[in-house]
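Undergrad: Here UniProt numbering is used: position 279 in the sequence shown is 279, and no number is missing along the way.
Beta carbons: idealized from backbone N, C-alpha and C, even for Gly.
For clarity, every value in this text was computed on a predicted model and none was experimentally measured.
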Amino acid sequence: LAPVGSRDQASGKLTERFGRDGDAARGRRLEEASIQQVHVGFDGPGRALVTYATAARGVPSQVTYWAAGADAKTTASGTVSTYTTYMCPMNRALRFPSMGNTPVSSSTLASFVNTSVYLPKDSESYVYIATPEEAWGKLERMCVTYKNPLAYYESPYIHTVLLDGLHPGVTYSYRIADQAKQYSFKSPPASGETNADKPFKLGVWADVGLTNVSSTNMKQLLASDPDLLLLAGDMTFADGWSARSDKFGVLMEPLLSRIGSLSVVGDHEVSMGRYNGLTWMKRYPVPWKSSGSENPMWYSFEAGLLHIVGLPGMYSRTDASSPQYLWLKSDLAKVNRSKTPWVIVQYSTPWYNSNEAHTGVAIPMQKDMEDLFYEHGVDLVFNGHIHSYERTHRVYGGRLDTCGPTHIVMGNGGNYEGPDTTWIDPQPEWSAFREASFGTGVLTVHNSSHAQWEWRRAACARDGSSKGGPPGANRFVPTYAAETCATERDTSAQRSEPVDTVMLVRNPYACGNQAVGAELPANSYPWWGYLVTALLMIGLQVGGVLLACFLSGDRRKSRRMLRAASASNGASESEE
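#1: Please work out which residues of its chain come closer than 8 Å, Cβ to Cβ, to GLU356, disregarding the five sequence neighbours upstream and downstream, and give them in chain order.
#2: If you pair each beta-carbon of the region 482–495 with each one of the region 407–421, do three or more pairs fall below 8 Å?
#3: State whether the region 264–284 contacts the region 306–321, with contact taken as three or more CB pairs (one from each stretch) at a distance under 8 Å.
#4: Let's test the definition: count the other Cβ atoms within 10 Å of the Cβ of LYS186 and tell me whether it reaches 16, buried, or not, exposed.
#5: Out of LEU221, PHE200 and LYS198, point me to the one whose CA is closest to VAL208's CA.
#6: Should HIS450 be labelled buried (16 or more other beta-carbon atoms within 10 Å of its own) or exposed?
#7: Can you round the beta-carbon distance between LEU251 and SER215 to whole angstroms, since I take them to be within the 8 Å contact cut?
#8: Determine which residues share a DSSP beta bridge with SER81 and list them.
#9: Which residues in the same chain have their Cβ closer than 7 Å to the Cβ of SER431, if we skip the five residues on either side of it in sequence?
#10: Given that a residue counts as buried once 16 or more other Cβ atoms are within 10 Å of its Cβ, and exposed if not, what is LYS367?
#11: When the Cα of GLY192 is compared with those of ILE308, ARG175 and TRP280, which residue comes out closest?
#12: Alpha carbon to alpha carbon, how far is ASN507 from PRO426? Give it in angstroms, no decimals.
#13: By Cβ distance, which residues of its chain are closer than 8 Å to ALA481, with the 5 residues on each side in sequence left out?
#14: Work out the CA separation of LYS201 and THR211 for me, nearest whole Å.
#15: With DSSP run on the structure shown, which of helix, strand or coil describes TYR374?
#16: Just to confirm, are residue 577 and VAL395 a CB contact at a threshold of 7 Å?
#17: Helix, strand or coil for ARG57? Go by DSSP, reduced to three states.
#18: What number of angstroms, rounded off, separates the C-alpha of LYS282 from the C-alpha of VAL80?
#19: Return the chain-ordered list of same chain residues with a C-beta closer than 6 Å to the C-beta of HIS407, the five sequence neighbours on each side being excluded.
#20: Taking the C-alpha atoms as reference points, what is the distance between MET503 and SER437?
#21: Please state if the CB of TRP298 and the CB of GLN324 are separated by a distance shorter than 7 Å.
#22: Closer than 6 Å by C-beta to residue 577: which residues in its own chain qualify, once you throw out the five before and the five after it? Chain order, please.
#23: By Cβ distance, which residues of its chain are closer than 7 Å to PRO350, with the 5 residues on each side in sequence left out?
#24: When you compare each of TYR347, TYR126, SER348 and LEU332 to LEU372 by their alpha carbons, which one comes out closest?
#25: So what does DSSP say about ASP324, is it helix, strand or coil?
#26: Any idea which residues DSSP pairs MET410 with across the strands?
#27: With DSSP as the reference, label ALA130 as helix, strand or coil.
#28: Can you tell which of PRO45, HIS376 and SER322 has its C-alpha closest to the C-alpha of GLY169?
#29: With DSSP as the reference, please indicate the residues paired to GLY441 in a beta bridge.
#30: Is it buried or exposed, ASP122, if we count other Cβ atoms within 10 angstroms and call 16 or more buried?
#31: How about MET218 and LEU278: do their beta carbons lie closer than 7 Å?
#32: Alpha carbon to alpha carbon, what distance is there between ASN195 and GLY304?
#33: The alpha helix (DSSP H) with LEU230 in it runs from where to where?
#34: Going straight from the alpha carbon of GLU133 to that of SER293, what length do you get?
#35: What does DSSP give as the partner residues of CYS460 in its beta bridges?
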């Protein structure tokens, strides 16, 4: 890796701090390693997916793997594919087509673009259109003409190999094709499996990109040694310059080749660059088929005490008749809380966000799905999109609710757009902690009722706007004194706090929605148990008094103390 600090030719913004030397405009012209961008994902119980990229066509799609310390090895073969993307967001021929093609009418387009019919004016996504013809002017046009041969990006050869028959909680070593280099990863625990001596750890981040801060966060996650990794959308920030996807894979290989990960799409995978999720689907496969999904963008996976759901959220329909909603409803109904009591959902754009950036964007999804989340007792929601960190208390319908989910925004992964520093004042009652610095999070699951959450700062940002530079250049400069720094312009009350930690507690006896799908044991302490305990406590108290007085030889005093103790217990019982 070479620190290149290159600038985007179109905007002048700092786009990445790490990259490979050589031609970055063509994915197949990868000049260093013949095998790179190694990533481990999962495809259901006992099945892992290894993906990697090669410059040459003839490299085998093959992985040899074995349990650490074992002699027996298994070799699996897979598939190889490439893909092409076009660096253009829109085509005017949709409006004025030729050759008899049906046009997109202004009124049809306006029905999508005009968000004023369902969003409040203070939403960043609010767009008002007076006449249908105005809809075309609201579109963004940043096309490279199709006549330019450089407008098309060709990916390297993307290999995908399924490793089957894995045992849960076992470390596996693996080699790719004929490469001498050896990698390793640990398979997740089986559904319902727990280990009190080594609690399951889940690493979480989002909105990562390609900067020095991205690299710092990657190293921090690697050092925390999680058992599984979640990435809640907006991974590479390729944003139409597709070769950045290759650079991201190279930069993140030390982490993603070692820790199995599950990700979801954000706007930078779907709309930015008009990828429609293609790059993400090819490079970072998820267990959608094994979880009964009809679409790679939504899936579920179980590991230990966790049932994890990944959704595209607002980047696909969310109404009650949509495929995403119907699948989610079915999936949540099947959760066995006796085996996987913790239900976690990740999607990119948050419902609960007290930052001034992207306010109200996910209101339609929230209206469609929040009741469903609550009905099935979702415990934790991980999001990104907002370039800051925020954790809520348990909340439902905009109000504190001990039976609602905790929402955590992890959009501080380090991307080149910098932090979102301005917060709504006053801080809403549901917002527990918020800070516009960079960091990562780890959830340590101790048992069916307790899990420790910790967000740890990795870097801050100072204002670099006085440094000059081309128009549109990023005004923030990172600083790495994580224990003592604070991000400039951060208006949050917690801006100087390097760590946010909290013990999350589930109580299905008090919250019936958290017990959906579980056979709860009868309350282990029935009413008569409390009575017996009370009588024993009274007996111990009285006996202690009598024994003390007897040993002191003062029988008259013992009778007085006995009467006082009896009176005290009687008063206590009447208060209860």
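TA: On the basis of the data shown:
#1: Along the sequence shown, one-based indexing puts residue 356 at 356. The residues are ASP420, THR422, TRP423 and ILE424.
#2: The region 482–495, when compared against the region 407–421, does touch it at the 8 Å Cβ threshold.
#3: yes
#4: As a first step, residue 186 is located in the sequence shown; it is residue number 186 there, counting from the start. Answer is buried; the Cβ neighbour count reaches 16.
#5: Counting from one through the sequence shown, the residue named residue 208 turns up at place 208. Here the closest residue by C-alpha is LEU221.
#6: As a working mapping, residue 450 is identified with position 450 in the sequence shown. Its Cβ having fewer than 16 others within 10 Å, HIS450 is exposed.
#7: Along the sequence shown, read from residue 1 onward, the residue named residue 251 stands at position 251. Along the sequence shown, read from residue 1 onward, the residue named residue 215 stands at position 215. About 6 Å; that satisfies the 8 Å criterion.
#8: Looking up residue 81 in the sequence shown gives position 81. According to DSSP, SER81 bridges with ILE158.
#9: Here residue 431 refers to the residue found at position 431 of the sequence shown. When the five nearest sequence neighbours on each side are left out, the beta carbons in the same chain lying within less than 7 Å of the beta carbon of SER431 are those of SER354, GLU390 and THR392, in order along the chain.
#10: Along the sequence shown, read from residue 1 onward, the residue named residue 367 stands at position 367. That one is exposed.
#11: The count along the sequence shown starts at 1 and reaches residue 192 at position 192. The shortest Cα separation from GLY192 among ILE308, ARG175 and TRP280 belongs to ILE308.
#12: Translated into positions along the sequence shown, residue 426 becomes position 426. Translated into positions along the sequence shown, residue 507 becomes position 507. Going from the Cα of PRO426 to the Cα of ASN507 covers about 30 Å.
#13: Start at 1 with the first residue of the sequence shown, and residue 481 comes out as number 481. The residues are CYS460.
#14: Against the sequence shown, residue 211 aligns to sequence position 211. Against the sequence shown, residue 201 aligns to sequence position 201. If you take the alpha carbons of THR211 and LYS201, they lie about 26 Å apart.
#15: Here residue 374 is taken as the residue at index 374 of the sequence shown, counted from 1. Three-state DSSP puts TYR374 in a helix.
#16: Examination of residue 577 is not possible in this model, given that the chain is present from 1 through 576 alone.
#17: If you number the sequence shown from 1, residue 57 lands on position 57. It is coil, neither helix nor strand.
#18: Within the sequence shown, numbered from 1, the residue matching residue 282 stands at position 282. Within the sequence shown, numbered from 1, the residue matching residue 80 stands at position 80. Going from the Cα of LYS282 to the Cα of VAL80 covers about 10 Å.
#19: Locating residue 407 in the sequence shown gives position 407, counting from the first residue. Once the five neighbours on either side are set aside, the close Cβ partners of HIS407 are TYR352, VAL381 and THR392.
#20: Reading the sequence shown from its first residue, position 503 is the one you call residue 503. Reading the sequence shown from its first residue, position 437 is the one you call residue 437. Each residue's alpha carbon lies about 22 Å from the other.
#21: Against the sequence shown, residue 324 aligns to sequence position 324. Against the sequence shown, residue 298 aligns to sequence position 298. The Cβ atoms of GLN324 and TRP298 sit closer than 7 Å to each other.
#22: For residue 577 there is no data in the structure shown, the boundaries of the chain being 1 and 576.
#23: Counting from one through the sequence shown, the residue named residue 350 turns up at place 350. For PRO350, where only same-chain residues beyond five positions count, the Cβ hits under 7 Å are ALA362, ASN383, HIS385, ILE386, HIS407 and VAL409.
#24: One-based indexing of the sequence shown puts residue 372 at position 372. The shortest C-alpha separation from LEU372 is found at LEU332.
#25: Counted from its first residue, the sequence shown places residue 324 at position 324. Checking the sequence shown, residue 324 turns out to be Gln, not Asp. In the structure shown, GLN324 adopts helical secondary structure according to DSSP, grouped into three states.
#26: Within the sequence shown, numbered from 1, the residue matching residue 410 stands at position 410. Paired residues: TYR389.
#27: Here the question's residue 130 lines up with position 130 in the sequence shown. ALA130 falls in the coil class under three-state DSSP.
#28: Residue mapping note: residue 169 aligns to position 169 of the sequence shown, counting from 1. Here the closest residue by C-alpha is PRO45.
#29: Indexing the sequence shown from 1 puts residue 441 at position 441. GLY441 is bridged to VAL204 and TRP455.
#30: To locate residue 122, count along the sequence shown from 1; it is residue 122. Its Cβ having fewer than 16 others within 10 Å, ASP122 is exposed.
#31: Position 218 of the sequence shown, counted from the start, is the residue given in the question as residue 218. Position 278 of the sequence shown, counted from the start, is the residue given in the question as residue 278. Not closer than 7 Å, so no.
#32: Counted from its first residue, the sequence shown places residue 304 at position 304. Counted from its first residue, the sequence shown places residue 195 at position 195. For GLY304 and ASN195, the distance between alpha carbons rounds to 9 Å.
#33: Counting from one through the sequence shown, the residue named residue 230 turns up at place 230. Counting along the chain, LEU230 falls outside any alpha helix (DSSP H), though it belongs to the beta strand (DSSP E) covering 228–231.
#34: The sequence position of residue 133 within the sequence shown is 133, counting from 1. The sequence position of residue 293 within the sequence shown is 293, counting from 1. Approximately 38 Å between the Cα atoms of the pair.
#35: Looking up residue 460 in the sequence shown gives position 460. According to DSSP, which records beta bridges pairwise, CYS460 is partnered with THR479.
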